[in-house]
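Q: In the numbering used here, the protein residues as written are 127 to 405.
(1) Decide yes or no for the touch test of the segment 278-293 against the segment 207-220: beta carbon pairs closer than 8 Å, at least 3 of them.
(2) According to the neighbour-count rule (16 or more other Cβ atoms, all chains shown, within 10 Å of its Cβ), is residue 243 buried or exposed?
(3) Quick check on the burial criterion: 16 or more other C-beta atoms within 10 angstroms. Buried or exposed for residue 391?
(4) Which residues does DSSP list as the beta-bridge partners of residue 277?
(5) If you follow the alpha helix (DSSP H) that residue 456 is part of, which residue opens it and which one closes it?
(6) What separation, rounded to the nearest whole angstrom, lies between the Cα atoms of residue 174 and residue 180?
(7) Could you give the DSSP three-state label for residue 400: helix, strand or coil?
(8) Report yes if the C-beta distance between residue 370 and residue 252 is below 9 Å; otherwise report no.
(9) Classify residue 283: buried if its beta carbon has 16 or more other beta carbons within 10 angstroms, exposed otherwise.
(10) Between which residues of its own chain and residue 142 is the CB-CB distance below 7 Å, once the five residues before and five after are set aside?
(11) Consult DSSP for residue 215 and reduce its assignment to one of helix, strand or coil.
(12) Identify which residue in 230, 225, 183 has its Cα closest to the Cα of residue 324.
(13) Our contact map puts residue 313 next to residue 332 with C-beta atoms below 8 Å; I'd like the distance itself, whole angstroms only.
(14) Fully enclosed by the segment 289-328, which alpha helix (DSSP H) runs are 4 residues long or longer?
(15) Which residues mark the beginning and the end of the beta strand (DSSP E) in which residue 224 is found?
(16) Determine, for residue 217, whether the minimum Cβ-Cβ distance to residues of chain C falls below 9 Å.
(17) If you reduce the DSSP assignment to three classes, tell me which class residue 266 lands in.
(18) Between the Cα of residue 156 and those of 176, 185, 200, spot the shortest distance and give me the residue it belongs to.
(19) Where do the N-terminal and C-terminal ends of the beta strand (DSSP E) with residue 193 fall, by residue?
(20) Short of 6 Å in beta carbon distance, which residues of its chain neighbour residue 360, apart from the five on each side in sequence? Order them along the chain.
(21) Nearest-angstrom Cα distance between residue 158 and residue 195?
(22) Using the DSSP secondary-structure output, state which residues sit across from residue 357 in a beta bridge.
(23) For residue 112, does the three-state DSSP call read helix, strand or coil?
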């Protein structure tokens with residue numbers, strides 16, 4: 127499939143793409159990558175259009191959005207990791223600039239009992255395959271495969287080095303971020319802005335690297351960094367543009383702190399394990 131045109135919206139989240147080795151500097155480069163991905167992509171028909179789902183088989187994914195006339199209207203990266211978070215999906219997030227095939231959720235991590243908003247903390251994540259699930263009668267409990275795409279990142283050799291640096295540099299009147307913390311920055315920013323501003327899928331996360339490796343995106347041949355980090359509330363798959371690391375890869379034991387875009391897919395493919403409706 128050859129794509130001849132794309133909206134300017136497609137280039138608005140290029141930093142998301144570079145986290146999985148899709149370095150895109152122009153709309154033309156975006157369209158070239160879309161053309162390459164479409165060759166081996168799976169067609170997923172949904173109401174109002176379809177997704178072309180490309181997967182590298184070891185994590186990196188690209189979800190092309192086509193309207194009901196097969197015109198390209200959006201393109202979203204994802205990383206399919208092995209970690210799952212139990213959350214309560216409370217309600218959907220709607221934004222003025224989203225396409226008909228976009229999706230985002232306000233959720234609570236590790237909900238207690240049957241109360242969907244009684245858990246560790248709230249978060250917002252974007253969902254690349256939202257319409258695959260059709261209508262959802264929220265709130266529901268679900269298993270979410272969550273991936274964090276680094277926009278800014280700092281790193282320390284280990285927990286001792288991080289805590290020593292934080293104690294030396296910190297303002298005694300300002301709380302210090304723990305080595306494992308999750309702050310729903312998109313929600314906080316929305317709360318401080320004009321009323322009605324939808325929350326973005328961003329979080330400030332600190333965590334300890336448990337496993338790390340460099341990966342190569344086969345669409346571009348560009349390397350990127352993958353890691354599993356233990357943070358407050360779960361183990362999280364993290365992907366990072368290597369330029370943020372200054373040439374030194376992440377290693378087990380490192381502590382990282384950064385701002386991340388969150389992408390999540392809800393529920394396993396087994397229909398018997400689909401999200402459970404709250405009564």
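By construction, the Cβ of each residue, glycine as well, lies at the ideal position given by its N, Cα and C atoms. Fair warning: this is a prediction, and the values are worked out from it, not measured in the lab.
A: A quick look at the data gives this:
(1) The answer is no - the segment 207-220 does not touch the segment 278-293, with fewer than three Cβ pairs under 8 Å.
(2) Exposed, by the Cβ-count rule.
(3) Classification for residue 391: buried.
(4) None, per the DSSP bridge assignment.
(5) With the chain covering 127 to 405 only, the question about residue 456 has no answer from this structure.
(6) Cα to Cα, the separation comes out at about 20 Å.
(7) Residue placement at residue 400 cannot be trusted, given a pLDDT of 46 that sits under 50; the coordinates are not used to answer.
(8) Taking 9 Å as the cut-off, the beta carbon of residue 370 is found no closer than this to the beta carbon of residue 252.
(9) For residue 283, the number of other beta carbons within 10 angstroms of its own is below 16, and it is reported as exposed.
(10) Taken in chain order, the residues that qualify are 203, 275, 387.
(11) Residue 215 falls in the strand class under three-state DSSP.
(12) It is 230 whose Cα lies nearest to the Cα of residue 324.
(13) About 17 Å separates the two Cβ atoms, so there is no contact after all.
(14) Taking only runs of at least 4 residues, the alpha helix (DSSP H) segments lying wholly in the segment 289-328 are 311-318.
(15) Residue 224 -> no beta strand (DSSP E), and no H or E assigned at all.
(16) No chain C is present in this structure, which holds just one protein chain.
(17) Looking at residue 266 - three-state DSSP - the assignment turns out to be strand.
(18) Distance from the Cα of residue 156 is smallest, within the candidate group 176, 185, 200, for 200.
(19) Per DSSP, residue 193 belongs to the beta strand (DSSP E) from 186-193.
(20) Counting only Cβ-Cβ distances below 6 Å, and skipping sequence neighbours, we find 211.
(21) Here the C-alpha atom of residue 158 lies approximately 20 Å from the C-alpha atom of residue 195.
(22) In the DSSP output, where bridge partners are listed per residue, residue 357 has 360.
(23) Because the chain is modelled from 127 through 405, residue 112 falls outside the range shown and cannot be assessed.
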